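Report on one structure; see the data block that follows.
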Amino acid sequence: MTRLAFGVVTHPGLLVRVLDPARPRQGAAVVVGPEGRDPAPALTELRRLVAAGGEDAAGAGVDLGDGFRSARLAGAAGDRRDAVLAALRALGPERAHLLGERAGVLVALFGPAATKPVGAAAAAAVAEGRWDALTLASAASDILGPEQLEALLGACSGSDGIAGRGRASRLAVHLGQIFADVPRPRRTAPLMDLWERVAAHHAAGARRAARLAVHGKIGRENELRELYRRGADELIVRRLGMTMGWTPSLADAARWTPGPTDWAVMLQTALEDAMAATVLLRTAVAVADLGTRAGLASMTAQLNAAAGTVQGSRRLSGQAGLPPRPGFYVRDLAGRPDRPDLAHQRLARARDYGVVVLNAAEGLLIDIPEHVHQDLRHWTGRDLSAWRAAVPLSGARSPRTWAQPVLCGGAEPLSARSAQDGGSEVVGDLLWLADLADALAAAHGHDAAAIAHGPIVPHADWDPEPAEPAPLVPRVESVALALAGAARLVSLGGRVSRCRTWAELVDGLLAGTAVAEALTGVFPLPDELARLEGARVPGTTVTVRWARDPRATAEWAAYMGNCIAGPYYLEEASAGRAVLAALVDSDGQITANVEIRPERHGWRVGEIRARFNADPEVELERRVRAWAGRLPMPSARLPQRAPRPVKGPGRRPGRLFREAGEPLTALAERALADALPALSALVKGFVLGAGTEAGLVALRRAGREEMARACGGALDTFGAAGLWALTGVRPMSRAIGGLEPALAARVAPLARDEPVLGSLRKLARHAAIAQARTAELVALRLRRALGELAGAGDTRLARAMARRPGTGVLCALTTAVTCWGPADGLVAVARPAAVEIPGYPASSLADEDGPWHGARSGALELGADLDAFWDRIAAHGLLAPAAWLGRGGWPVLWQRACEGESGRAVVWQHR
């Protein structure tokens with residue numbers, strides 16, 4: 029007798045042959061048939077079956093001919109439904125009869141819920157190739173009734189890949205955990221909503237890929253920028269010649285100042301180019317979404333309208349193939365709509381033209397001198413109703429919400445005019461600039477650009493980076509990944525009983541206190557292993573990354589869909605009884621997670637799992653186990669949880685506590701109440717789902733490296749100005765400031781990040797004072813971490829600083845960077861010894877009431893040595909990292925900082 033998978037035992041007289049005799053192992057594919065017959069043809073058919081559907085398909089008992097059927101040896105992963113699903117996909121509808129009776133197949137897939145209507149819906153799914161829908165329905169048969177399964181099979185449509193690579197048996201376990209407390213009638217709606225979310229995620233990815241494919245493989249943005257600059261120079265030279273009446277000399281050009289008419293001509297050219305680039309980009313998007321002919325046909329009216337606005341776009345000598353302005357290509361497409369080959373050539377440069385024209389227009393608008401504003405109002409007041417009739421706004425924009433100040437003044441913003449009398453759009457509203465940014469965003473797969481109003485021009489981010497997913501929040505890249513993440517929340521203590529959508533279900537699971545506590549703390553890691561961070565496992569291509577805190581395991585589990593962030597592993601790692609690791613391949617992707625345990629004579633691998641708890645490659649597992657056995661043992665025993673100390677007899681409180689305890693506690697309570705919105709926002713940005721007090725304690729206990737990593741992530745959440753504002757909330761300092769001066773001086777060390785003396789220790793641990801001091805220390809340490817990121821040239825900080833950082837954080841960080849002295853990547857933004865800093869509004873280092881003087885205390889908290897500041901200014905001038913500046917240089921960054929300052933005070937109210 030031979031034991032097969034799923035509890036089957038062969039009886040005497042049956043022949044069992046392994047597909048790969050050289051590697052007999054648990055779960056291996058085999059053929060089973062009568063003795064005395066040649067198994068070779070059956071083995072050939074089995075080999076084809078395994079090649080098409082994997083070893084899982086062999087467990088379905090497929091008829092291989094001549095009395096032989098496929099099977100697997102005992103120890104195979106999954107259950108029979110996994111095998112039937114894999115075999116069905118490999119065989120297809122035409123050969124599904126090889127699995128046996130239809131009723132038996134349905135029972136294997138759906139159990140007691142296998143009614144005739146369910147069978148008909150499943151047959152339709154098989155015929156249409158909706159294998160993912162069939163997989164999810166089979167997994168959900170344990171928690172849904174027949175009518176619900178029929179509805180689920182009928183509603184779930186879409187491309188392959190939505191369910192993911194998880195086995196149906198594993199999905200069934202997760203579904204049982206997630207919906208254990210949800211009444212049966214309420215279970216279908218969240219599942220259908222999840223399917224729609226995953227399908228939308230896949231559709232958005234496919235749409236973005238199609239739109240990006242329209243762009244040229246080799247960008248020519250720099251070449252076009254030079255061409256565009258030369259074209260603009262030629263326009264200026266022509267205007268100069270018209271003004272002078274003769275060919276101007278270099279001296280004539282140096283003395284010439286453009287007048288209002290010259291500025292109007294240059295601005296009109298920029299407007300025409302922006303209109304042409306907008307329509308060119310929209311045409312590229314339409315072709316990507318609808319196909320070449322249909323896309324061009326849908327854009328006919330807009331192409332004709334844009335072609336009618338441009339005055340000229342001739343090529344420059346020596347630059348064949350690329351005109352300096354996009355209007356040439358627009359007229360080309362409008363004039364020859366029957367040339368799809370020509371359309372692809374022209375649209376390949378749409379993105380390059382859009383970027384060049386947008387940057388040039390922003391720079392030109394900022395450079396308009398104030399003395400010509402009055403004379404330019406005739407141009408800025410031009411009505412754009414005819415243009416909007418042919419080229420409507422993108423769906424992301426509305427005149428009623430466009431509050432950008434009108435260029436050169438003279439009128440209320442468009443939002444105010446629309447609310448009063450339905451006023452029409454004019455050129456000075458600069459809505460056409462946002463339209464171009466939205467077209468660029470659409471060409472990169474986004475719904476719209478992120479637009480922020482400014483005093484002169486709006487600031488547009490047309491290719492925003494996606495936000496990093498929060499730890500423990502299930503990802504919707506596939507149904508399997510989302511269900512694994514939700515099941516992990518259940519294992520951590522999350523519970524939900526009422527939900528109508530997938531979002532409501534996840535929010536309910538995240539609301540559990542146990543889930544928040546699971547993200548706090550630090551894992552003990554022996555120095556001997558810490559030094560091997562990034563080391564390569566011998567004989568493989570993977571490197572090692574150690575888990576140092578629960579947030580790391582949460583991030584890994586969100587991608588891997590396995591149980592490394594479960595309560596058992598977190599408890600073992602926190603207690604020092606195990607070390608958790610990720611094996612990362614050469615592309616930076618996690619291949620497997622490993623649990624390593626210390627034994628008396630060395631380390632051993634307790635568990636190793638690939639994505640969705642699958643087994644890793646056999647050779648990889650063998651080499652990892654061999655590598656773990658050779659790891660150095662720690663010189664000191666791994667730390668264990670210390671027992672709670674037993675309190676001894678109390679002492680009479682000291683004099684300082686008697687004098688300051690009661691008034692300082694009352695002041696601290698009031699300061700904490702006022703700071704609660706900011707502190708809550710701060711904690712939510714760092715410690716997912718934790719209460720404010722518990723989250724602050726977790727942040728205070730974090731090490732410097734962990735704090736720096738968290739600070740970098742918070743920059744993506746709050747932005748530089750938001751994080752600076754939140755870390756500027758100091759309840760302990762405020763409470764101390766309310767005391768009598770003499771008493772305040774004695775307790776002042778409570779607001780500093782340093783050990784307190786014996787007379788202050790009891791105060792530091794007392795009620796609201798302890799909470800206020802914790803919030804104070806967290807703010808100080810976050811600012812120190814921000815300074816470390818600045819000193820290290822962190823890319824996340826550079827990205828945040830380039831987006832309306834606010835004058836407070838910009839001045840403080842720039843002061844700190846200047847104090848640290850010249851280094852690679854730093855550039856001077858002012859001349860040596862200069863105290864007047866370029867940019868609008870004007871600022872001075874010597875102004876005691878200005879932002880630079882007010883930022884000195886913040887620079888100290890960042891780690892700056894202010895004694896060296898003026899020496900650095902005298903020798904090198906004010907320094908700033910080049911990565912912060914972008915294309916517009918310091919003046920544009922300073923303008924964005926001044927714009928960002930207006931939203932600083934309410935940053936935590938809209939998070």
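Going by our numbering, the sequence shown wraps up at 939, each residue one higher than the last.
Here a beta-carbon is modelled for each residue, glycine too, at the ideal position from N, C-alpha and C.
Keep in mind that this is a model prediction, so the values were computed, not measured.
Taking 7 Å as the cut-off, the beta carbon of residue 843 is found closer than this to the beta carbon of residue 892. Contact annotation: residue 624 and residue 633 have beta-carbon atoms nearer than 7 Å.
Beta bridge pairing from DSSP links residue 635 with 623. Taking 7 Å as the cut-off, the Cβ atoms of residue 74 and residue 112 do not count as close.
Following the DSSP letters along the chain, one finds residue 57 inside the beta strand (DSSP E) bounded by residues 57-62. Closest in alpha carbon position to residue 107, among 176, 728 and 36, is 36. Shown here for residue 332: same chain residues with a beta carbon closer than 6 Å to its own, the five before and five after excluded, namely 362 in chain order.
The C-beta of residue 652 has 16 or more other C-beta atoms within 10 Å across all chains shown, which makes the residue buried.
Around residue 685, the same chain offers 790 and 791 as residues with beta carbons nearer than 7 Å, after the five sequence neighbours per side are excluded. Residue 864 has its alpha-carbon roughly 44 Å from the corresponding atom of residue 415. Cβ atoms of residue 69 and residue 93 come within 8 Å of each other, at about 6 Å. One thing to note: residue 776 has its Cβ no nearer than 7 Å to the Cβ of residue 800. Within the model, the alpha-carbon separation for residue 283 versus residue 389 is close to 25 Å. DSSP, read as helix, strand or coil, puts residue 897 in helix. Of the residues 443, 655 and 798, the one whose Cα lies closest to the Cα of residue 721 is 798. The straight-line gap separating the alpha-carbon atoms of residue 913 and residue 833 is approximately 12 Å.
The C-alpha of residue 307 lies about 22 Å from the C-alpha of residue 254. Under the three-state reduction of DSSP output, residue 489 falls in the strand class. CA-CA distance, residue 755 to residue 384, rounds to 38 Å. Residue 188 and residue 507 have their C-alpha atoms roughly 12 Å apart. Where residue 100 is concerned, the enclosing beta strand (DSSP E) starts and stops at 96-100. The DSSP assignment places 683-714, 720-729 and 732-755 as complete runs of the alpha helix (DSSP H) inside the segment 683-759, in order along the chain (cut-off: 4 residues). By the CB criterion at 7 Å, residue 420 and residue 431 fall outside the cutoff.
Annotated as proximal: residue 760 and residue 804, with beta-carbon spacing under 7 Å. Checking the DSSP bridge columns, you'll see residue 630 partnered with 627. By the C-beta density criterion, residue 835 is buried, having at least 16 other C-beta atoms within 10 angstroms. Using a Cβ distance threshold of 7 Å, residue 922 and residue 867 count as a contacting pair. Annotation for residue 76: no beta strand (DSSP E) segment contains it, though the alpha helix (DSSP H) segment containing it runs 68-86. For residue 837, same chain residues with a beta-carbon under 7 Å away, outside a window of 5 residues either side, are 748, 749 and 752 in chain order. In the structure shown, residue 568 adopts coil according to DSSP, grouped into three states.
At the C-beta level, residue 97 and residue 60 come within 7 Å of one another. In this structure, DSSP gives residue 909 an extended state, which the three-state scheme calls strand. When the alpha-carbon of residue 423 is set against those of 475, 616, 826 and 123, the nearest one is in 475. Taking C-beta atoms under 8 Å as the contact rule, residue 537 and residue 518 qualify, at a distance of about 7 Å.
Collapsing the DSSP output to three states places residue 396 in coil. Selection 869, 779, 927 and 902 evaluated against residue 889 yields 779 as nearest (Cα-Cα).
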